[in-house]
Amino acid sequence: MRLLTKNLSFLLCCLFGMSEVQAINLVEAYTLARDNDPTFKAAFYAHQAGQEFKALGRSNLLPVITASYSRYKNHADIDFENSLVSRTEERDYTSQTASVQLRQPLINFDGYARFKQGVAQTALSDQEFAIREQELILRVFNRYAAVLYAEDMLGLAKTKRAAYAAQKQANLFMFENGEGTKTDILESQAKYDLAEADIVEAQNILNDARASLNKVLGRKVENIQPLIEDFATLPVEPINLDKWETLALQTNLELAAERHSLEVAEQEVNRSKAAYMPRLDAVMSWNNNVSDTTNTYNQDATVNSIGLQFTLPIYSGGATPARVSQSKANLLKAKAEFDEKANAISIELQKQFNLVLDSKLRLTALTTAVNSAQLLVKATHKSIKGGTRTNIDVLNAESQLFEAKGDLLLARYNYLQSYLNLKKVVGTLGFDDLQIVAARFQN
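The sequence shown maps to residues -23 to -1, 1 to 420 in mature numbering (1 follows the signal peptide of the UniProt record, and there is no 0).
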């Protein structure tokens, strides 16, 4: 039994150990981030709080019921005087008062404006949370890609070091056999030392990138799935920029949020103007008084009342016109901010649209550049044997190859980032788009 327990414990440890090192994919990283990212959590709770604006606004149109009760112990000295006699009477008694009142607004311009404003504020909260969801997708992708690119650059730096080490050994061999020079060895050594420095820098960048990703995921993740080898670009429809711009002006979430902000500002103007308007309430009340004064000693009175209460503002010390002017200025400010946001979105849309299209061309060019650089390295090695090229030509060719590979890797990540950014500017970025991008990574 003890042996079985030990074996079971060992098996569980192995399983948990495997789960720790198992690489997660982009979708799994996003799922973790939705549960653990502090920034998204704050947005989630802010959204929950924002849902109450509508109820708060509606409360200004609904009845208000209040109840009160008081009970006191009293001591009174009452002097009675007339032409014949004078006396003092002491009274110790308990008095109590109870009341219930219902007030229903019938005409309340301020309350209606508050209700409309609350609806707009809740809608604004919904849009802002949708924006935070899109930002989470981009944040997860950017940090995920940053880790992969850092891993790629570290691997590239190690490959570069190995290549320069091999070249240095070849130079030593040739020098020892009288076919090389000391300069060739020093050139290779210099390249090797630079590669060592690149490895240290790449490792530091990778550590920082992993720490940044882990903060979003809420746990330590060492391995993530890389890009697939057979990388292909994504379809982008329509190709016409004007159609994208028309769509963006209709569906961009930030513009939608600005529209709700405009509605909030407009209702603030209505609220300030409501201070000029009359108010009419229906009021029902029930009051019960027991010995509440010395004049009603030992009396129990109950009064039921129902009626209308009309209130008309006349003068508020100049506060009302000041609030109206202030709210109108804020409304004009909100309109200007809306126009500014629309212009910024048009510019950003054009930028991201061009980046997506240009990235396709850049990927094709860099792929060709990598293939050409590989052929150049092979040809240069052969040329050395023929005596037409020198050691420095080989080192330069290899450096060109490594640089082209690094540029190609970065271009792939930038292309996917531009694709997601384009979707965000249009306002349609969602989980489906993340899944499309995730298909470009291993599972």
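Cβ coordinates follow ideal geometry from the N, Cα and C atoms, glycine included.
Which word fits residue i, buried or exposed, when buried means at least 16 other C-beta atoms lie within 10 angstroms of its C-beta?
{"i": "TYR22", "result": "exposed"}
{"i": "residue 423", "result": "In the structure as shown, the chain starts at -23 and stops at 420, and residue 423 therefore has no counterpart that could be examined."}
{"i": "LEU(-21)", "result": "With a pLDDT of only 36 at LEU(-21), under 50, the local geometry of the prediction cannot be trusted, and the value read off the model is given with reservation. LEU(-21) is exposed by the Cβ-count criterion."}
{"i": "GLN111", "result": "buried"}
{"i": "ARG68", "result": "exposed"}
{"i": "GLN303", "result": "exposed"}
{"i": "GLY(-7)", "result": "Low confidence applies here, because GLY(-7) scores a pLDDT of 46, under 50, leaving its location unreliable; read the following figure in that light. Per the 10 Å Cβ criterion, exposed."}
{"i": "LEU309", "result": "exposed"}
{"i": "ALA100", "result": "buried"}
{"i": "ALA47", "result": "Checking the displayed sequence, the identity of residue 47 turns out to be Ser instead of Ala. So SER47 counts as exposed."}
{"i": "THR357", "result": "buried"}
{"i": "LEU(-16)", "result": "In this predicted model, LEU(-16) has a pLDDT of only 38, less than 50, meaning its place in the structure is not dependable; the value taken from the coordinates is given anyway. With fewer than 16 Cβ atoms within 10 Å of its Cβ, LEU(-16) is classed as exposed."}
{"i": "residue 423", "result": "Lying outside -23 to 420, the shown extent of the chain, residue 423 is not represented and no answer is given."}
{"i": "SER336", "result": "buried"}
{"i": "ASN181", "result": "exposed"}
{"i": "LEU338", "result": "exposed"}
{"i": "LYS18", "result": "exposed"}
{"i": "GLN286", "result": "exposed"}
{"i": "ASN148", "result": "buried"}
{"i": "ALA415", "result": "buried"}
{"i": "GLY295", "result": "exposed"}
Pull up the DSSP beta-bridge partners for residue i, would you.
{"i": "LEU285", "result": "ALA259"}
{"i": "ILE42", "result": "LEU79"}
{"i": "ASN264", "result": "SER76 and VAL280"}
{"i": "LYS50", "result": "THR71"}
{"i": "ILE322", "result": "Beta-bridge pairing links ILE322 to no other residue."}
{"i": "ILE55", "result": "GLU66"}
{"i": "ILE201", "result": "ILE1"}
{"i": "SER17", "result": "Inspection of the sequence shows that residue 17 is occupied by Phe rather than by Ser. Bridge partners of PHE17: none, in fact."}
{"i": "PHE418", "result": "LEU204"}
Since residue i is in the alpha helix (DSSP H), which residue starts that stretch and which ends it?
{"i": "LYS168", "result": "159 to 194"}
{"i": "VAL213", "result": "It is not in any alpha helix (DSSP H) - VAL213 carries neither H nor E in the DSSP assignment."}
{"i": "LEU101", "result": "86 to 153"}
{"i": "PHE30", "result": "29 to 35"}
{"i": "ARG236", "result": "230 to 250"}
{"i": "ILE413", "result": "408 to 415"}
{"i": "LEU9", "result": "3 to 13"}
Mind reading off the beta-carbon distance from residue i to residue j? Whole number of angstroms is fine, and I expect it under 8 Å.
{"i": "PHE315", "j": "LEU239", "result": "6 Å"}
{"i": "PHE150", "j": "LYS159", "result": "That pair is no contact at about 14 Å."}
{"i": "ALA350", "j": "ALA381", "result": "5 Å"}
{"i": "GLU325", "j": "VAL402", "result": "5 Å"}
{"i": "ASP175", "j": "LYS137", "result": "7 Å"}
{"i": "ASN2", "j": "LEU194", "result": "The Cβ separation is near 12 Å, so there is no contact."}
{"i": "ILE114", "j": "TYR253", "result": "Actually they are not in contact, since the Cβ atoms of ILE114 and TYR253 sit about 48 Å apart, beyond 8 Å."}
As a quick exercise: from the options, pick the residue whose alpha carbon is nearest that of residue i.
{"i": "ALA306", "options": "GLU173, GLY294, VAL246 and ASN320", "result": "VAL246"}
{"i": "HIS52", "options": "VAL41, VAL124 and THR65", "result": "THR65"}
{"i": "ASP103", "options": "VAL177, LEU171, GLN25 and GLN394", "result": "GLN25"}
{"i": "LEU125", "options": "GLY383, LYS401 and SER36", "result": "GLY383"}
{"i": "ALA107", "options": "GLN81, ALA321, GLN327 and ASN229", "result": "ASN229"}
{"i": "ASP161", "options": "VAL402, ALA321 and ASN373", "result": "ASN373"}
{"i": "ASN264", "options": "VAL280, ARG256, TYR253 and LYS250", "result": "VAL280"}
{"i": "PHE118", "options": "SER395, THR405 and ASN420", "result": "SER395"}
{"i": "ASP258", "options": "ALA233, ASN217, LEU289 and ASP277", "result": "LEU289"}
{"i": "LEU397", "options": "VAL260, GLN329, ASN217 and ASN275", "result": "GLN329"}
{"i": "LYS135", "options": "LYS168, ALA172 and GLY155", "result": "ALA172"}
{"i": "ALA75", "options": "LEU385, ALA416, ALA278 and GLY295", "result": "ALA278"}
{"i": "VAL354", "options": "ASN200, GLN144 and GLY294", "result": "GLN144"}
{"i": "VAL77", "options": "VAL41, PHE208, ARG91 and ASN191", "result": "VAL41"}
{"i": "TYR89", "options": "LEU183, LEU131 and ALA32", "result": "ALA32"}
{"i": "ALA139", "options": "GLN98, THR345 and SER376", "result": "SER376"}
{"i": "LEU9", "options": "ARG196, GLU164 and LEU224", "result": "ARG196"}
{"i": "THR386", "options": "GLY404, ALA209 and PRO82", "result": "The amino acid at residue 386 is misidentified as Thr; the sequence shows Leu. Nearest C-alpha to LEU386: ALA209."}
{"i": "MET261", "options": "ARG116, ARG300, ALA188 and PRO82", "result": "PRO82"}
{"i": "PRO255", "options": "TYR70, ASN37, PRO15 and ILE84", "result": "ILE84"}
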